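Everything in the sequence shown is counted per this note's numbering, starting at 61 for the first residue and increasing by one.
See below for the structure under consideration.
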Amino acid sequence: MKFHCDTAARIPIYKQLIDQVRSAGARGRIKPGDRLPSVRQLSRELVVNPNTVARAYTELERDGVLLTQQGRGVFVAQP
């Protein structure tokens, strides 16, 4: 899945990422068990601070959308 962010938008970048992950899940573009890019990798691709990506991932994990496995990566959680 390809992520993008609009720095000129009034919506914070971390919220844009959250919306993109939720939308992709709802549309079936990502499925439970799919691996997402690491925080560092995605921050380099989007040219944003790693803390921004980490905040989005943390909120999605708190909501049960993502699952972080230490040393393995970030995955889409089972519903």
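In this text, a Cβ means the ideal position worked out from N, Cα and C, and glycines have one as well.
Keep in mind it's a predicted model, so treat the numbers as computed, not measured.
Return the first residue and the last residue of the alpha helix (DSSP H) that residue i is part of.
i: Thr118; result: Pro110 to Arg122
i: Gly85; result: Ile73 to Arg87
Which partner residues of residue i appear in the DSSP bridge assignment?
i: Leu96; result: Val134
i: Thr128; result: Val134
Within this structure, are the beta carbons of residue i and residue j separated by less than 8 angstroms?
i: Ala114; j: Val99; result: yes
i: Thr112; j: Ile78; result: no
Given a threshold of 16 other Cβ atoms within 10 Å of its Cβ, counted over all protein chains shown, does residue i qualify as buried or as exposed?
i: Thr67; result: exposed
i: Ala116; result: buried
i: Gln76; result: buried
i: Val134; result: buried
i: Val108; result: buried
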